[in-house]
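Undergrad:
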Amino acid sequence: MILFIIFILGPPSERSSATASPIPSQHYDALEGGTPYSAPMGPPGTHGPPIRPSGPQQGYYGPPPVSSAPSYPGQQPNQFGAPPTRPMGPSGGPLGRPPSGPPTGPPTGPPTGPPTGPPTGPPTGPPTGLGVSATGIYGKRQYPQQQPYYAPPPGQQAPPSAGGGMPSQPPLPNSTAGGRQQGMMQQNQGGVNNISSGMGNIHLQQGDVRAINLLTERHILPKTKVVPPKAKISLDYQKMQVNPDVFRSTLSAIPQTQSLLQKARLPLGLVIHPFRDLSHLPVIQSSVIVRCRSCRTYINPFVTIPDQRRWKCNLCHRTNDLPEEFNFDPVTKTYGEPQRRPEIKSATIEFIAPSEYMTLLLFFCLFLLLHHSLDLHSQPCIYSFWTFPLERWSLAISRWLCQTLLDTLDKMPGDARTLIGFLTFDSALHFYNLQEGASRPQMLICSDIEDVFLPCANDLLVNIQECKDLITELLTELPNLFLGNKNNQTALGPALQAALKLVGPTGGRVTVFQSSLPSCGVGALKAREDPSQRSSTKNIANLGPATDFYKKMALDFSGQQVAVDTFIISSQYADIATLAGVSKFSGGGVHYYPGFHTIQNPQQVERLEVDLRRYLSRKIGFEAVMRIRCTKGLSMHTFHGNFFVRSTDLLSLPNVSPDAGFAMQVSIEDPLHESTVACFQAALLYTSSKGERRIRVHTMCLPVTNQLSEVMAGADQQAIVGLLSRMAVDRSVTSSVEDARDALVNVCIDVLKSFKGSLPEGSTVGALMAPTSLKLLPLYCLALLKNVAFRLGSSTKLDERVFSMEMYKCEPLFYIMLRVHPDLYALHTIADNEVILYKDNEVPQPPLVGLSSEYVNRDGVYLMDRGDVMYLFICRDVSPEFCSSVLDVPDFASIPEGMIQLPELEDDLSDKIRSFIEWLLDNRPFHAPLRIIRDDSKDRYLFIQNLIQDRSESSMSYYEFLQHLQKEVK
């Protein structure tokens, strides 16, 4: 077994302190710079030369000289029907502390007295879906919102088939699938007018809700990607609205009251991809970052600027002074209207932070760990860990890994300060001395894993540029060092303890590569999976961790600003439910490659290689914190993702990557009668690999409505499903998978029943009506029920189920939707479709088709994009012309088994298909290897099992699911 660790590290920034992380008593808002209620801003001073940000695609703005004057992790318990509980510290007290004193000065915001608007009526009963609390779908928080610097307020027949599809599957007897599904589907019993804006020209437009009958709508899926709804605000503000791929709400019209939200039966929450790679990102360097003196909101496009000296906050409505330098336009280099500033023109902005934001270390260290340990020492750092149970397989994998690292050394983020170190292990820990000036690397073995210590901490991490020859020699020789080694023990726990000792003083990143269960030392595990229960139709056991050791290690890592990323490469049970804890609660990520084999499974090798190259070279933010602020009356609760909650609304992220997504649920604590819009602002403070402290800010503005029709019309069905999937994961772990499935079905029932109640009586006889904005919600929920994370009655390995759940919790929405509902493209029609221009090349856009055998023609060719893999399905009657033009074979029978690449042919059709697939892959961070499947192949089931609308042995078809919903909605 081999463990391999690499560190990359640099000297601290001049603006950094030596404090590894804020002390528990430190007021958490200091992490975002400055202190509240400071003296009024003075005249702008003279600035030094600007620091140009890295990245060729980022816009840059810098002001010219102005002449005139440890606690438990933040994964709060998330239960569909239970109100969230406040996170507790180790002593049992609540995490975080309230503001130290009342706000100074009289309040300048709107009155907080009793509401003046008409009531919207009592709720019609408790929801029966994901939440059963009487306070709404998710339940109301039991603790007040802790705002930064002001006190918180207290019998239908199926329509005829379209024909031309694959042979339909015979119906199954009711005693099998039907009976099980009916048991699963039992419902839990229980049950605008134009608004003038006080903020410029923002207003809510009158909307009409179109209704469709789902039972008669044959082609429910659009032929192009689903587009999120636009907020009904003015066109000028729509142009400045945040990119929905970065920040969006489940509802694009916010209900005015909690009772209206409960009546709609829709979840209210946010999904965010805060560190997403952006093609255009305005970057500003200034000595003064303009923020509200009350709620600390950053100035943004949705504030009100009555004159050149004042601005009104769009969250708390306080009027603030505007510094003189804000009137300077960095583009034209002239003074003028403040509305020309990038902060007012873009909802996403990034600031290079001044010195008061510099509270943490600015080193970057990469640490890589293989089974046979290596140690590291450095500031922000990466730690990688591999274990290999078989000698031959271990040798092949370690050689491949070391070569990949050699190829990536020059592409790793950072600069001349970058440090690197290595650690391998089996039943002992193996450190490597790479001291500058040494003739060759020196191995130091620590066989005592009960009391881990560092043999020579000062020489285990070295500068990657100064010691590149030694690093190259080590990576070249490392696979041969353990040739013939028969020790298959795995001391993962002690290796993590050693890594923490080494990187703890400075912070950074740890990457773990693991191929089997930890078998010795602290953290040792035993197999818990019962293979005979993989097809269970009832409860699934062992979805939670077997021990809290790895969770506690995550807390220790997080407290030292260290994130742990785990790569699990195994064909056997690896207990991801337990091992993932060290990554989940430290702000890292989990990567899983089942059935990995360098010869027998080249697709997994290709996927791991591409993923690892991106992982080692992608942008990274260290020592990050993120806070979501919102309009007074709203509050955040129940956060989803990989992080640690430092206080009620501050997420601690030792590392933040462009591939991480988050979600949070929102409750309406006070009616929004005084607000015509609701605003949300996400602020991410992080340290770049170059040592700069930066703040990325995203702001979203949505209208407030008191009309149920507007709430329904503004529902974002994909964002809703993204939030529901995360909630279903929590319910599965805390309760059972069966309960989570019931809750997902009840969400559909509740929403459709609520919408039916808003329609004229008698207009829905024999129909299942849904608003067009939610027409895909039942299909998406059915897809979740059939997904590997939540399905029952179908053989599913425990690790695969748990890994899928982990991905739902931490992936951005785009990839979650591919995981829920794969895209299916009809490639045989690609020559007849429109094209788009991408990187000066024309890329065809074939239509999307439904995931049903009904839409799969016998002579067609279909590309299924599942996010992590692509299937090219060749039907048996495909034309010989297509085979020769694209596959370079004369006919269908000549297509080889196991084909994983398309040949590069001098043919127009071949060029179109390859350019389309390359376009799909180029627009995502994770690699999706291609697998070509013949209609008569033994691997045909891989494609067929993803046809969600069809019936299977253990699940309903889409139409049967709609009939069940119709029965329950009546």
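Residue numbers (mature numbering (1 follows the signal peptide of the UniProt record, and there is no 0)): -18 to -1, 1 to 952.
Note that the Cβ used here is the ideal one computed from N, Cα and C, for glycine as well.
Treat the numbers as computed from the prediction; the structure is a model and nothing was measured.
#1: Starting from the C-beta of A235, find all residues in its chain whose C-beta is less than 6 angstroms away, skip the five residues before and the five after it, and write them out in chain order.
#2: Look at T754 and I215 and say whether their C-beta atoms are less than 8 angstroms apart.
#3: Leaving aside the five residues before and after I287 along the sequence, list all residues of the same chain whose C-beta is less than 8 angstroms from its C-beta, in chain order.
#4: Please name the residue or residues paired with E824 in a DSSP beta bridge.
#5: Looking at C-alpha atoms only, which residue of V729, R678, A660 is the closest neighbour of M608?
#6: Does the beta-carbon distance from H412 to L401 come in below 8 angstroms?
#7: How about G474 and D557: do their beta carbons lie closer than 8 angstroms?
#8: For D732, tell me which candidate among S714, V851, L756, S717 has the shortest Cα-Cα distance.
#9: Of the residues Y317, R323, C274, E307, which one's Cα is nearest the Cα of R300?
#10: Which of helix, strand or coil does DSSP assign to R600?
#11: Can you list the beta strand (DSSP E) stretches of 3 or more residues lying completely in the stretch 827 to 869, in chain order?
#12: Rounded C-beta distance between S599 and G569? I'm assuming under 8 angstroms.
#13: Grouping DSSP H, G and I as helix and E and B as strand, with all else coil, what is D805?
#14: With which residues is I331 paired in a DSSP beta bridge?
#15: Less than 8 angstroms between the CB atoms is what I'm expecting for V648 and L252, so what's the real figure, rounded?
#16: List the residues that DSSP assigns as beta-bridge partners of V784.
#17: Residues bridged to P685 by DSSP?
#18: What residues in its chain sit with their C-beta under 8 angstroms from that of I202, if we drop five residues either side in the sequence?
#19: Could you check the C-alpha separation between E651 and S617 for me, to the nearest Å?
#20: How far does the alpha helix (DSSP H) with I402 in it extend, from its first residue to its last?
#21: Suppose you measure from the CA of D781 to the CA of L830; what does that come to, to the nearest Å?
#22: Exposed or buried, which one is F435 when buried takes at least 16 other CB atoms within 10 Å?
#23: What is the C-beta distance between D921 and R858, in whole angstroms, given that I count them as a contact (C-beta under 8 angstroms)?
#24: Out of Q238, S835, N839, P211, which has the shortest C-alpha to C-alpha gap to S657?
#25: Between Y797, D847, Y555, K952, which lies nearest to G748 when the distance is taken from Cα to Cα?
#26: State the DSSP-derived secondary structure class of R611, mapped to helix, strand or coil.
#27: Is D805 near the ligand SAH, judged by its Cβ being under 7 angstroms from some heavy atom?
#28: Along the chain, where does the alpha helix (DSSP H) containing F531 start, and where does it finish?
#29: Tell me the rounded alpha-carbon separation between E199 and C730.
#30: For A523, which three-state DSSP category applies?
#31: Do you know offhand how far D631's Cα is from L242's?
#32: Going by the DSSP bridge assignment, what does G251 pair with across the sheet?
#33: Can you tell me the Cα-Cα spacing of S835 and L764, whole angstroms?
#34: Which residue or residues does DSSP assign as beta-bridge partners of Q424?
#35: Do you know offhand how far A725's Cα is from R278's?
#36: Looking at V492: is its Cβ nearer than 8 angstroms to the Cβ of V544?
TA: Looking at the atomic coordinates:
#1: P685, T687, E692, V693, G696
#2: no
#3: W293, K294, L304, P320, Q321, I326
#4: L819
#5: R678
#6: no
#7: For the record, residue 474 in the displayed sequence is Leu; it is not Gly. No, they are not a contact pair.
#8: L756
#9: C274
#10: coil
#11: 843 to 847, 852 to 856
#12: So it is not a contact: roughly 19 angstroms between Cβ atoms.
#13: strand
#14: V679
#15: 6 angstroms
#16: In the DSSP output, where bridge partners are listed per residue, V784 has none listed.
#17: V659
#18: L196, K757, L758, L761, G832
#19: 7 angstroms
#20: Here I402 belongs to no alpha helix (DSSP H); instead the beta strand (DSSP E) covers 401 to 407.
#21: 31 angstroms
#22: exposed
#23: Contact doesn't hold; Cβ gap of about 14 angstroms is too wide.
#24: Q238
#25: K952
#26: strand
#27: Absent from the structure shown: the ligand SAH. Ligands present: none.
#28: 531 to 541
#29: 17 angstroms
#30: coil
#31: 25 angstroms
#32: Q647
#33: 16 angstroms
#34: N415
#35: 38 angstroms
#36: yes
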